[in-house]
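Following our numbering, the numbering of the sequence shown begins with 120 at its first residue and continues without gaps.
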Amino acid sequence: MKKLHRVSRFSAGLLASFASTLLHAQQPERIVIEPLHPGPANQIIHYFDRGVSVGANGVVVRYGATLLIADEVSVDEQSGEAVAQGNVSLQQDRGLWRGERLRYNFRTREMSADRFRVGLAPFFAAGESFSASQTNQAYTARNAFVTSDDSADPAYRIRAKRLMIIPGKRIEAEQATVYAGDVPAGYFPFFSRNLELHPNAFVFTPGYRSLYGPYLLSSYRWYWSTNLSGALNLDYRQKRGLGGGPELSYDLGRLGKGSGSVYYTHDSEGGLDPGGTPIRDDRHRIQFSHSAVIRTNLTARIVANKQSDAQMIRDFFEADYREDLQPKSFLEINQLWPNFSLNVLAQPQLNDFFQTVERLPDLKLSAFRQQLGVSPFYYEGENSAGYFRFRPAESSVTNDYAAWRADSFHQILLPQTFFGWLNVTPRVGGRFTQYGETEGEGSAFDARNRTVFNTGAEFSFKASRVWDGARSRLWDVDGLRHIVQPSINYAFVPSPSRAPRELPQFDTEIPSLRLLPIDFPDYNSIDSIDSQNVLRLSLRNKIQTKRRGEIDNLVDWALYTDWRLDPRPDQNTFAEMFSDFDLKPLSWLILSSEIRFDVEDARLNFANHSVTVAPSDTWSASLGHWYFREDPRFGPDSENNLIRSTLYYKLNENWAARVTHHFEARDGVMEEQYYTIYRDLRSWTAALTFRIRDHRTREKDYTVAVTFSLKAFPRFGLGKDRAKHSLLLGG
């Protein structure tokens with residue numbers, strides 16, 4: 120089945136901004152015209168007196184994210200007006216247009232054409248004449264048809280005397296005839312379809328899982344208006360029973376927008392939690408979120424997550440569980456000014472089986488880095504106050520404690536540039552923190568104060584060299600630029616007046632796979648501040664080229680570590696050496712590497728390697744390796760030696776397959792396997808997925824499921840199932 124060309128979506132503003140930043144360009148964007156096939160016979164003629172460029176025998180014109188290809192093109196570079204003839208293809212951020220003749224203005228985006236085909240996903244249209252107006256952001260066509268069926272011979276379409284499409288808004292058709300195949304099925308003098316309103320629909324996911332038995336996940340999705348929509352879920356799992364509940368999404372305009380959901384199930388086989396305690400039969404999950412822009416630069420957000428037990432989302436909402444094991448609940452209000460911001464955060468413990476630091480509330484006034492008058496000095500600071508309560512999980516032997524805390528940090532900086540290339544920024548600052556007397560059985564500190572002094576300086580420079588003549592068709596290289604950026608950041612903090620062990624711990628250091636910041640205010644573990652005398656050494660290298668008119672990184676490599684001049688008893692002289700390396704020798708080949716190497720013990724503590732190959736939409740593959748040496752800070756059995764692989768292959772226009780494996784090399788266990796077959800059903804897509812999970816301590820978990828998605832209104836974002844495989848199981 121021959122396909123219409125799909126819309127290639129990309130963010131023109133972001134790419135243009137990124138490229139211009141790299142090139143330090145301050146001039147307005149230029150229209151670039153060049154031969155499609157460079158050679159002596161294919162030259163662009165420039166008439167400088169008229170500001171017009173003309174090309175034939177295949178021409179490419181680029182302007183930002185807009186790409187025009189045609190046999191012949193004439194461009195007025197002053198007005199932006201272009202006339203193209205022969206095999207014309209115009210790609211914008213909104214869609215792909217094809218025809219034989221086109222008049223287009225790159226600057227105003229006005230256009231007119233004769234016979235055409237256009238893709239404005241999720242809809243496709245063709246007809247005799249076509250025009251685009253930026254006045255009402257609309258596309259107008261005459262004697263045209265429109266369909267969401269991605270086929271050269273669509274199963275249904277609407278043919279109209281006059282057709283207007285406002286992407287993302289609506290479709291209007293005059294003298295419209297609805298066709299089922301080639302058979303007229305209805306006539307409408309005027310037809311209008313609001314694209315912001317999704318049709319009411321049932322969504323079903325049938326399947327089988329070892330933990331559920333046969334199951335059917337069903338949802339009725341309804342759309343009352345652009346401001347109100349929802350769903351009613353009803354699920355049946357043969358081993359676990361019935362479950363379901365409503366979902367609601369709303370938009371109150373200036374009052375904000377939000378969503379809420381309730382899910383309840385009487386679980387017949389809840390089993391035991393990790394501590395060996397039986398899980399209750401009546402299980403539920405309640406979610407609510409609301410955000411509002413009260414006025415310019417004043418925003419508010421509330422999020423509430425309540426569930427019956429810690430395993431609720433693990434057992435019934437796997438995709439959410441993989442993303443966030445312990446969802447938080449909070450209320451946050453933020454006021455932003457040019458040089459300051461005020462943030463109010465309230466965070467209660469709604470689920471007593473999750474450890475939480477309650478903030479009741481936490482107020483913070485931040486001063487962004489700003490110049491002090493006309494002096495060369497800059498100032499930044501943070502002031503916060505709040506009442507905090509440490510609430511351990513109900514199964515923990517740790518007791519809770521609470522105290523109020525006020526913290527004030529101020530810092531002066533003097534950015535300087537020497538010799539026109541060396542950037543030096545010395546800094547000096549101080550912090551005063553006051554703690555109230557602690558309450559609760561978990562701590563017994565009286566009221567106390569702490570002072571902290573800090574100073575330091577950062578040294579950095581950037582050097583680059585360009586080789587304009589470096590070109591290679593094999594490696595897709597059009598010029599080379601090498602950028603090297605070394606930096607040294609020195610931080611000195613003498614011993615605070617109170618050591619961390621003498622203070623109640625609320626904002627404390629959390630184990631991380633990355634190096635923590637060494638300077639304030641980036642280091643924000645207020646209660647864990649201790650002495651340090653350290654140099655952070657880093658070196659970044661980039662090698663860049665041009666590909667399809669945009670800047671692309673061939674190599675991006677960062678090396679960094681800490682040299683501790685006066686290490687604490689729990690520290691080594693040198694921190695681990697970190698390496699972040701990305702290699703992109705071809706636009707479709709990416710190699711990435713992250714390494715943590717212990718210099719003191721000469722051993723590898725962490726490695727994350729991956730290679731991704733995607734030469735076309737026909738096939739792609741990726742192979743990765745995740746290694747992590749066991750670290751008690753990350754809990755027992757934290758070691759990993761995981762090999763992951765994914766292979767996608769498009770068999771033809773209707774069929775495709777994907778295979779994903781996760782293999783743990785420590786004990787030779789294939790932890791997870793996914794096998795998916797995709798079927799294009801013209802207006803729909805379907806996926807049949809089979810998964811095997813090896814839990815080691817219990818029987819293997821087998822799952823098979825079928826999911827359907829309407830192309831015009833997809834069930835989840837394009838390609839999202841690549842990263843979240845469990846979505847294909849009804850998650």
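The beta-carbon is built from N, C-alpha and C at its ideal position, and this holds for glycine as well.
Since the structure is predicted, the reported quantities are computational estimates derived from the model, not experimental observations.
Among the options, whose alpha-carbon lies nearest the alpha-carbon of residue i?
i: P325; options: L353, A299, P308; result: L353
i: G372; options: A411, W745, S739; result: A411
i: R683; options: N660, S698, V653, Q468; result: V653
i: D471; options: L464, D519, L347; result: D519
i: P613; options: T574, L622, R600; result: T574
i: L818; options: L829, E790, Y797; result: Correcting the residue type first, residue 818 is Glu in the shown sequence and not Leu. Among L829, E790, Y797, the Cα nearest to that of E818 is on E790.
i: R478; options: S494, S514, A522, Q454; result: A522
i: H601; options: V674, D526, E560, I405; result: V674
i: G787; options: R763, Y355, E772; result: R763
i: T544; options: G561, S579, A566; result: S579
i: K447; options: S208, A429, P303; result: A429
i: Q162; options: S802, R169, T345, I152; result: I152
i: V596; options: G668, T570, R633; result: G668
i: N319; options: W341, Y679, R278, T557; result: W341
i: R278; options: N462, K288, R236, R261; result: R261
i: F309; options: F487, M283, V422; result: M283
i: D720; options: L532, H728, N691; result: N691
i: S329; options: L846, A806, R812; result: R812
i: A119; options: R659, S616, F507, N608; result: With the chain covering only 120 through 850, there is no way to say anything about residue 119.
i: L100; options: F167, Y166, Y821, W216; result: No answer is possible for residue 100: it lies beyond the span of the chain, which begins at 120 and ends at 850.
Compute the Euclidean distance between the alpha carbons of residue i and residue j, then round it to the nearest angstrom.
i: R524; j: S387; result: 47 Å
i: L710; j: G349; result: 42 Å
i: S644; j: D626; result: 5 Å
i: A292; j: G205; result: 29 Å
i: Q663; j: G588; result: 13 Å
i: P848; j: S485; result: Correcting the residue type first, residue 848 is Leu in the shown sequence and not Pro. Looking at the two C-alpha atoms, the distance is approximately 45 Å.
i: R433; j: H744; result: 25 Å
i: T731; j: F725; result: 20 Å
i: L141; j: E577; result: Annotation note: pLDDT 36 at L141 (below 50); position unreliable, no value reported.
i: P688; j: D649; result: 12 Å
i: M431; j: H403; result: 7 Å
i: L622; j: A694; result: 26 Å
i: V381; j: Q426; result: 10 Å
i: S706; j: E772; result: 24 Å
i: D756; j: L391; result: 20 Å
i: K703; j: Q197; result: 36 Å
i: S494; j: I714; result: 43 Å
i: Q145; j: Y182; result: Residue placement at Q145 is poorly supported in this model, since its pLDDT is 40, which falls under 50; the coordinates still yield a value, given next. C-alpha separation (whole angstroms): 16 Å.
i: A175; j: P157; result: 11 Å
i: N224; j: G539; result: 42 Å
i: D750; j: L632; result: 11 Å
i: R236; j: M696; result: 55 Å
i: L351; j: Y339; result: 5 Å
i: R234; j: F243; result: 14 Å
Would you kindly check if the distance between the Cβ of residue j and the Cβ of residue i is under 7 Å?
i: I637; j: A677; result: no
i: S712; j: S657; result: no
i: F407; j: Q445; result: no
i: A824; j: T804; result: no
i: Q535; j: R546; result: no
i: D681; j: R655; result: yes
i: F509; j: V476; result: yes
i: R748; j: P630; result: no
i: A419; j: I398; result: no
i: H385; j: D370; result: no
i: I290; j: A257; result: no
i: S172; j: V194; result: yes
i: A740; j: L766; result: yes
Excluding five sequence neighbours on each side, which residues of the same chain lie with their C-beta closer than 6 Å to the C-beta of residue i?
i: D481; result: L464, G505
i: G375; result: H409, S410, A411
i: S337; result: F323, L353
i: P833; result: none
i: Y793; result: T779, R810, H844
i: E513; result: D471, F472
i: G555; result: A522, W523, A566
Which residues in the same chain as residue i place their Cβ atom closer than 7 Å to its Cβ, once the five residues preceding and following it in sequence are excluded?
i: W586; result: G598, L599
Assuming residue i and residue j are in contact, meaning their beta carbons sit under 8 Å apart, how far apart are those beta carbons, in whole angstroms?
i: K483; j: S503; result: 4 Å
i: A251; j: E229; result: 6 Å
From the beta carbon of residue i, is the nearest beta carbon of chain B less than 7 Å away?
i: L391; result: Judged by its chain identifiers, the structure shown contains no chain B, having just a single protein chain.
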